[in-house]
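From first to last, the protein sequence lines are chains A and B. For the first sequence, the working numbering begins at 111 and goes up steadily by one. For the second sequence, the working numbering begins at 2 and goes up steadily by one. For each residue, glycine too, the CB sits at the ideal point set by N, CA and C. To start, the structure under review is shown below, and the notes come after it.
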Amino acid sequence: MAEPLLSVAGLCKHFGGIMATDDISLTIADGELHAIIGPNGAGKTTLVAQLMGELRPDCGSIRLDGKDVTALPPYRRSLRGIARSFQITSVFPEFTACDNVALAVQAHSGGSFRFWRAARADPALREPARAVLDEIGLGHRADVPAAVLAHGEQRLLEIAIALASRPRLLLLDEPMAGMGIDDAARMMSFLARLKGKIALLLIEHDMDAVFALADRVTVMLYGSIIATGTPAQIRANAEVRKAYLGEDELA
Amino acid sequence: MKNSASARGLVTFAVLAILALLPPVASLIGQGFYVDVFTRIMIFAIAALSLDIILGYGGMVSFGHAAYLGIGAYAVGILAFYGIDNGFVQFGVAILVSAAAALFIGFISLRTSGIYFIMITLAFGQMIYFLSISLNTYGGDNGLNIERPSDFTRLVDLRDANTLYYLVFAIMALFLFLGRRLVASRFGMTIRGAKSNERRMAAIGFSVLRYRLAAFVVAGAMCGVAGALLANQDLFVSPSIMQWTRSGEILMMVILGGMGTLVGPILGAVAFLALETALSDVTGHWQAIMGPILVLVVLFARDGIFGLLSRRLELRRG
């Protein structure tokens with residue numbers, strides 16, 4: 111079997127006496143859409159922060175492409191092909207949508223010790239940025255300051271920034287959080303189109319979205335993994351049903 | 002957005018045009034001392050402009066910026082003390098030493114943020130201040146007289162007030178132009194992004210520390226030039242040039258004029274020093290009046306004098 115793109119072994123992180131993630135092991139294959147579900151406080155966001163490198167794990171290891179990245183800071187992981195979106199929108203509010211995305215393009219096009227040419231007039235940054243915005247359906251809002259965008263648009267911009275670095279693994283922390291029905295549907299169809307092109311780790315509360323999109327699903331509870339499998343396996347798993355899904359939903 | 006860009010251009014043009022015409026007008030109305038007053042104002046404008054690059058664009062609240070003013074001035078003073086009058090050498094050393102100091106101070110300070118950064122830059126400023134007091138060879142507390150201004154060949158005679166004025170003016174205009182390029186470049190977008198959202202910058206692949214440090218060094222070097230010019234105007238350097246209150250004054254010029262606008266701090270320097278002169282003629286307790294004015298500006302005109310001016314211009318144009 112080929113080496114998985116991402117393999118996590120025995121990852122843990124505790125805050126005081128609370129185990130936020132406890133002995134997490136999982137793999138994500140190239141192009142796989144791997145969903146992680148679990149109630150609030152299950153440690154999903156902590157896991158994303160550890161995969162991105164924002165939190166140092168207390169134990170365990172993270173390998174990307176067979177290479178140990180456990181000790182790398184976030185910017186180095188980004189340069190190696192990991193990107194993330196944030197559960198609470200984290201953009202550059204005073205910059206336009208296009209500026210936001212162009213900055214991510216810039217981060218991946220060599221050093222930024224360039225002092226002379228105007229970055230906003232540089233087609234090497236603006237064209238890829240506009241392409242990503244068009245792809246995600248924000249092309250017509252490219253010149254609007256991010257702070258002025260509607261909530262749903264900011265959520266899309268959040269993903270556009272992450273995609274602009276051309277990642278091989280994209281960590282999506284509740285991309286549909288707080289979205290209306292229309293925006294959520296847009297996001298769903300975008301994720302469906304993205305699926306297969308790059309590996310995706312999707313944290314999401316919307317069970318319909320998860321079961322419709324995911325290749326595999328991992329269920330977390332109190333910092334631990336209680337099951338991993340295909341959507342069908344997860345639906346049938348007695349422990350998951352008891353702990354999380356609720357009997358009536360499956361009736 | 003177009004509107005505000007053109008308003009900015011208009012304000013910049015007006016400021017530079019007025020300052021360019023000031024010496025002939027001053028001599029025409031027989032008030033030649035204004036040339037000296039505005040030479041000094043523009044020197045502080047350079048210091049404020051350099052601080053704006055790291056403060057307004059990089060979000061780095063340095064409370065020790067006067068240190069570079071002092072380093073630049075002492076570079077000229079100490080070289081002159083040993084009979085080295087060549088202006089290119091003096092200014093070159095002023096730039097190099099203030100850049101090196103900024104590199105060292107920034108390397109340590111930029112590991113902190115927020116109030117800690119303010120305190121640590123203040124502490125470094127104080128260290129350099131007390132270091133200058135301890136330089137007994139160079140006058141210590143009493144300062145050091147400079148016999149001759151920097152010698153830039155016979156073409157540029159800095160003993161002439163108008164020549165010094167236009168040298169300061171040219172350097173200010175040059176720094177304004179270079180600053181504009183800088184903040185709009187890839188480098189500029191990087192430090193602005195780091196000010197706006199540091200966590201996101203890391204997640205998209207930026208290691209922001211090196212860019213912040215570079216900006217800190219550029220600002221320090223620019224302020225060092227202001228210090229070298231100040232030494233030329235006063236023909237005297239003393240530790241008081243870098244008292245911590247001076248760092249506060251430069252900060253106030255930036256805030257008063259408008260952070261993150263580059264031309265605003267020039268207006269801020271004009272307003273601050275003009276107010277200081279006018280108020281200190283009226284009362285010795287001029288700070289008691291200056292303080293409330295600053296509070297009002299911070300409360301009601303958050304983008305400073307520049308913001309007020311450019312908004313007026315935009316309104317008039319509809």
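Starting from residue i, follow the beta strand (DSSP E) in both directions and report where the run begins and ends.
{"i": "Ile256/B", "result": "From DSSP, Ile256/B is part of no beta strand (DSSP E) but of the alpha helix (DSSP H) over 245–258."}
{"i": "Ser133/B", "result": "Counting along the chain, Ser133/B falls outside any beta strand (DSSP E), though it belongs to the alpha helix (DSSP H) covering 116–134."}
{"i": "Ser241/B", "result": "No beta strand (DSSP E) contains Ser241/B, which DSSP labels as neither H nor E."}
{"i": "Ile192/A", "result": "192–195"}
{"i": "Ile146/A", "result": "143–147"}
{"i": "Arg326/A", "result": "326–331"}
Does residue i come within less than 8 Å of chain B when only Cβ atoms are used?
{"i": "Arg194/A", "result": "yes"}
{"i": "Leu213/A", "result": "yes"}
{"i": "Leu360/A", "result": "Bear in mind that a pLDDT of 46 at Leu360/A, under 50, signals an unreliable position, so the model cannot answer this."}
{"i": "Ala229/A", "result": "yes"}
{"i": "Tyr332/A", "result": "no"}
{"i": "Leu115/A", "result": "no"}
{"i": "Arg236/A", "result": "no"}
{"i": "Leu282/A", "result": "no"}
{"i": "Glu204/A", "result": "yes"}
{"i": "Ile138/A", "result": "no"}
{"i": "Gly176/A", "result": "no"}
Strictly under 8 Å for the Cβ-Cβ distance: is residue i near chain A by that measure?
{"i": "Ala220/B", "result": "no"}
{"i": "Ile306/B", "result": "no"}
{"i": "Ala15/B", "result": "no"}
{"i": "Thr256/B", "result": "According to the sequence provided, residue 256/B is Ile. The question's Thr does not apply to it. Chain A contact via Cβ: absent."}
{"i": "Ser51/B", "result": "no"}
{"i": "Thr191/B", "result": "yes"}
{"i": "Gly389/B", "result": "This structure cannot settle anything about residue 389/B, because the visible part of chain B is limited to 2 through 319."}
{"i": "Ala8/B", "result": "no"}
{"i": "Leu300/B", "result": "no"}
{"i": "Gly60/B", "result": "no"}
{"i": "Gly57/B", "result": "no"}
{"i": "Asn87/B", "result": "no"}
{"i": "Gly225/B", "result": "no"}
{"i": "Phe212/B", "result": "Residue identity differs from the one stated: residue 212/B is Tyr in this sequence, not Phe. Closer than 8 Å: yes."}
{"i": "Ala100/B", "result": "no"}
Could you please give the first and the last residue of the uninterrupted alpha helix (DSSP H) stretch that includes residue i?
{"i": "His261/A", "result": "261–273"}
{"i": "Met129/A", "result": "Looking at the DSSP string, Met129/A is not in any alpha helix (DSSP H); the run it does join, the beta strand (DSSP E), is 128–138."}
{"i": "Lys123/A", "result": "Note, Lys123/A: premise wrong, no alpha helix (DSSP H); beta strand (DSSP E) at 116–125."}
{"i": "Ala207/A", "result": "207–217"}
{"i": "Asp283/A", "result": "Looking at the DSSP string, Asp283/A is not in any alpha helix (DSSP H); the run it does join, the beta strand (DSSP E), is 279–283."}
Using CA coordinates, which residue listed in the options is at the minimum distance from residue i?
{"i": "Gly127/A", "options": "Gly163/A, Asp168/A, Lys352/A, Pro114/A", "result": "Asp168/A"}
{"i": "Arg69/A", "options": "Gly221/A, Phe202/A, Val211/A, Ala256/A", "result": "This structure leaves residue 69/A out entirely; chain A is present only between 111 and 361."}
{"i": "Ile335/A", "options": "Leu115/A, Leu136/A, Ala342/A", "result": "Leu136/A"}
{"i": "Ala100/B", "options": "Asp161/B, Tyr69/B, Phe125/B", "result": "Tyr69/B"}
{"i": "Asp293/A", "options": "Val258/A, Asp244/A, Arg227/A, Leu266/A", "result": "Leu266/A"}
{"i": "Thr138/B", "options": "Gly78/B, Glu148/B, Ile192/B", "result": "Gly78/B"}
{"i": "Thr155/A", "options": "His261/A, Gly176/A, Pro203/A, His315/A", "result": "His315/A"}
{"i": "Ser188/A", "options": "Ala145/A, Ser275/A, Ser171/A", "result": "Ser275/A"}
{"i": "Phe225/A", "options": "Val218/B, Leu11/B, Ile172/B, Ser186/B", "result": "Ser186/B"}
{"i": "Arg181/B", "options": "Ile44/B, Glu315/B, Ser51/B, Leu314/B", "result": "Ser51/B"}
{"i": "Ala270/A", "options": "Arg230/A, Ser195/A, Ala159/A", "result": "Ser195/A"}
{"i": "Phe125/B", "options": "Val255/B, Ser63/B, Val226/B", "result": "Ser63/B"}
{"i": "Leu97/B", "options": "Met223/B, Ser135/B, Arg41/B", "result": "Met223/B"}
{"i": "Gly84/B", "options": "Ala227/B, Leu214/B, Asp152/B", "result": "Asp152/B"}
{"i": "Arg200/B", "options": "Val201/A, Thr180/A, Gly153/A", "result": "Val201/A"}
{"i": "Tyr35/B", "options": "Ile306/B, Thr278/B, Val226/B", "result": "Thr278/B"}
{"i": "Ala49/B", "options": "Gly259/B, Val299/B, Thr284/B", "result": "Gly259/B"}
{"i": "Pro255/A", "options": "Leu156/B, Ser197/B, Arg160/B", "result": "Ser197/B"}
{"i": "Thr40/B", "options": "Leu165/B, Gln32/B, Val157/B", "result": "Leu165/B"}
{"i": "Val226/B", "options": "Leu22/B, Thr13/B, Ile72/B", "result": "Ile72/B"}
{"i": "Gly120/A", "options": "Leu331/A, Ser171/A, Asp175/A", "result": "Ser171/A"}
What do you get for residue i, buried or exposed, if any count of 16 or more other CB atoms within 10 angstroms of its CB means buried?
{"i": "Ala348/A", "result": "exposed"}
{"i": "Met2/B", "result": "Confidence at Met2/B is low in this model, with a pLDDT of 46, below 50, so the placement of that residue is unreliable and no value is reported for it."}
{"i": "Asp209/A", "result": "buried"}
{"i": "Pro233/A", "result": "exposed"}
{"i": "Ser28/B", "result": "exposed"}
{"i": "Val258/A", "result": "exposed"}
{"i": "Thr246/B", "result": "exposed"}
{"i": "Gln216/A", "result": "buried"}
{"i": "Leu268/B", "result": "buried"}
{"i": "Leu312/A", "result": "buried"}
{"i": "His144/A", "result": "buried"}
{"i": "Tyr117/B", "result": "exposed"}
{"i": "Thr328/A", "result": "buried"}
{"i": "Gly319/B", "result": "Note that Gly319/B scores 49 on pLDDT, short of 50, meaning its location in the model is unreliable and no value can be drawn from it."}
*asked:* Check whether the segment 167–178 of chain B and the segment 273–293 of chain B touch, using three or more Cβ-Cβ pairs below 8 Å as the test.
replied: With the rule of 3 Cβ pairs closer than 8 Å, the segment 167–178 of chain B does not count as touching the segment 273–293 of chain B.
_Quick test of the definition: if touching needs 3 or more C-beta pairs under 8 Å, does the segment 244–259 of chain A touch the segment 236–248 of chain B?_
No: fewer than three Cβ pairs fall under 8 Å.
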